[in-house]
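The working numbering applies: residue 50 is where the sequence shown begins, and numbers increase by one.
Cβ coordinates follow ideal geometry from the N, Cα and C atoms, glycine included.
It should be emphasised that the depicted structure is a prediction, and the values quoted were computed from it without experimental measurement.
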Amino acid sequence: MDYSQFEIKGRSYPLSEIFRPGSEFSFEIPEYQRPYAWAEKETSDLFHDLYDFFELPNNELESYFLGSIVLIRKDNETRAQVVDGQQRLVTLTMLLALLTSKLNDPQLANECKGYVFDPGNRIEGIEPQPRLKLRERDQEFFREYVQSFRFDELGKLNVPVSDQSATADPSTTTRQLNDSQINIQKNAKRLSDLLDEKLTTQKSLLNFARFISKRCCVIVVSTPSEESAFRIFAILNNRGMPLLPCDILKARIVGKIGEDKRQAYAEKWEDVEENLGRDTFANLFQKIREQSDPSNKDNILDYYQKRLGENPSSERCINFIDNTLLSNHDAIQEIDNRQCSVGVYTDEVNEYLRWLNETEDKDWQSSAIAILAKYKSNGCSGQDVRDLFKMLERLASYFYITFADNKKRQSRYRSILKGIKSNCWRKEIDLTLDEKTELLDILDKEDINKHFITKYKKRQMYLFLRIDAFLPKDESTQGEHTNMTRLEYVLPEKLDNHCWSSKWSKSEHTEWRYRIANMVLLPISRRNPWRYNSPFNEKKEIYFFKNGLTPY
């Protein structure tokens, strides 16, 4: 066996050595890596750490440690794929580029420029190239603005016209930016502001540039083997942006795909991540596991390693992305956008999805995906889907209104997933008699609205909108309520008006003022704070009288 492929090399380098023209490293961010995701907080933290160390007295002989970076790099090659350290390398490149742009001395600026863009050497046959290459979808943007030192133009990029306000600066240029590019734009602006604030003279800028290049060090860990690099990546990544299981899975799965298809599948993976957002995307792998094996207690990384194998083939990784990741992504998009197609039951199912999406807890999504997958594989009828979504929505509402904890919800949804796999699902989804009784008891409490209105306004509005949806609709109703809706007391919260106090005793008022029956939904446009204590008939006239009808 050739053990050289598992050789690991490690050494400390000042930034001047790894970024200087002609360096032994030419950094590339592989296509399968996650996007540049540092926010302004992480960028500010890095700058302040550097600046605070720079300002310490009598520290000229000490170095600042920036952590480690992990590379895939073969012997005698400068090309180094960055497995861990992208966030720091990109941010440091921006910092060096900004320092370059702020130095007035042309010779100094030109020397600093070499840390960002290698001018090459025609005698040695070395072509000009950026010191760091991002993923293909971001590199052109990074090269055009950061590595060309065009920060004024970068700051003037604006969102697309459709999203601009009427007062948008006419000097701005519209361009569609992805999340990574937006982070680059914001962080460049933040670093520029910090440099202007902390380093107010050319001498201080030069001294800080010298500090960054000569006294800031990283440990470079390199290995020629992808597998070895990914293992080091998982072990050493304990700085900067927290690593999620989906990031390691991306390296393990996409990294195993043949080079001829790797870029295309890296883009598929990233498209899913961008569409869903980082948090939802991270939870997607949990949902896939729940559907496949509801009883599995392994952590996410161990589960997928067992599912795909210790050393999965390229074909197996491609199949996972095409037939598992993408299909679950499509299902979540259908669920979130209420665009499920279930024949004649489509409208009813999507209406239940509307209410399911109003709950704050999303644990029900795995069950919804599994039900739709069962339907698409002809495992159940459209009517079954309608009935099951009706029960699922009722269960999710019960959990939401009763403040069920995570353990209770997750245990129940695991039972539902097991039932779906064994075709014994109705019993698991439907509310039990005890649960129905518990829910009715809560709704009948005289202080339910007071409890919701003082602490949980979103749940309060959900409850009353859901009740309103069950009421028969006629020409006097207001139509579907929106966020511009509020709750109005019929019997006033305070008995300040004689017309109410003469008919309601204090005990009756206490019993009924916070009951569901005493509340009515009103569009905010119809709310008149001076009318809250008006007589009943006057309230009806003001708020609801229409075409001779009123919902009272």
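The region 242–254 makes no contact with the region 158–170, as fewer than three CB pairs between them are under 8 Å. In this structure F438 is in contact with V398, their Cβ atoms being roughly 5 Å apart against a cut-off of 8 Å. Between K467 and S554, the C-beta spacing is not below 9 Å. Taken through DSSP and simplified to helix, strand or coil, C366 comes out as helix. Between H378 and D133, the alpha-carbon positions lie close to 27 Å from each other. For V165, no beta strand (DSSP E) encloses it, and the DSSP letter there is neither H nor E.
In this structure, the CA atom of E202 is about 18 Å from the CA atom of L244. Taking 9 Å as the cut-off, the Cβ atoms of H558 and L536 do not count as close. By the Cβ criterion, the region 109–125 is not in contact with the region 335–343, since fewer than three pairs of Cβ atoms, one from each stretch, lie closer than 8 Å. In this structure, P70 sits near P168, with a CB-CB distance shorter than 9 Å. In this structure, the beta-carbon distance from R327 to S93 does not fall below 9 Å. K305 is positioned such that its CB atom lies no closer than 9 Å to that of C389.
Of the other Cβ atoms in all chains shown, fewer than 16 fall within 10 Å of the Cβ of D98; this residue is therefore exposed. The three-state reading of DSSP puts E77 in strand, counting E and B together. Between L480 and Y511, the beta carbon gap of about 17 Å keeps them out of contact (Cβ cut-off 8 Å).
Per DSSP, S117 lies in no alpha helix (DSSP H) segment; the continuous beta strand (DSSP E) that holds it begins and ends at 113–121.
Between the alpha carbons of L95 and N455 lies a gap of roughly 36 Å. Counting along the chain, I302 sits inside the alpha helix (DSSP H) bounded by residues 294–303. Contact check for R122 and P273: beta-carbon distance about 7 Å, within the 8 Å limit, so the pair qualifies. Of the candidates R192, E173, P155, the residue whose Cα lies closest to the Cα of F166 is R192. Look at R60 here: in three-state DSSP terms it is strand. The region 352–366 makes contact with the region 299–318, as at least three CB pairs between them are under 8 Å. With a cutoff of 9 Å on beta-carbon distance, L374 and K425 are scored as not near each other. In the same chain as G358, and ignoring 5 residues on each side of it, the C-beta atoms closer than 8 Å to its own belong to R365, in chain order. Annotation for S271: no alpha helix (DSSP H) segment contains it, though the beta strand (DSSP E) segment containing it runs 265–272. Assignment of A129 by DSSP, reduced to helix, strand and coil, places it in the strand class. Residue burial is scored here from C-beta neighbours: R128 has fewer than 16 other C-beta atoms within 10 angstroms and is therefore classed as exposed.
In chain order, C266, V267, V269 place their CB closer than 7 Å to the CB of Y62, counting only its own chain and leaving out the 5 sequence neighbours on each side. Comparing C-alpha distances from R463 to each of E560, A146, E484, D342 shows the shortest one belongs to D342.
For P179, the pairing in a beta bridge is given by DSSP as F166.
Here DSSP, grouped into helix, strand and coil, assigns Y538 to strand.
Within the same chain, and ignoring the five residues on either side of I565 in sequence, no residue has its Cβ closer than 6 Å to its Cβ.
The closest CA to that of L183, considering only Q82, E104, A419, is found on Q82. Of all alpha-carbon atoms in K470, A380, F585, the one lying nearest the alpha-carbon of H547 is that of F585. Within the same chain, and ignoring the five residues on either side of I450 in sequence, the residues whose Cβ sits closer than 7 Å to its Cβ are L488, I491, R508, L512. The three-state reading of DSSP puts V569 in strand, counting E and B together.
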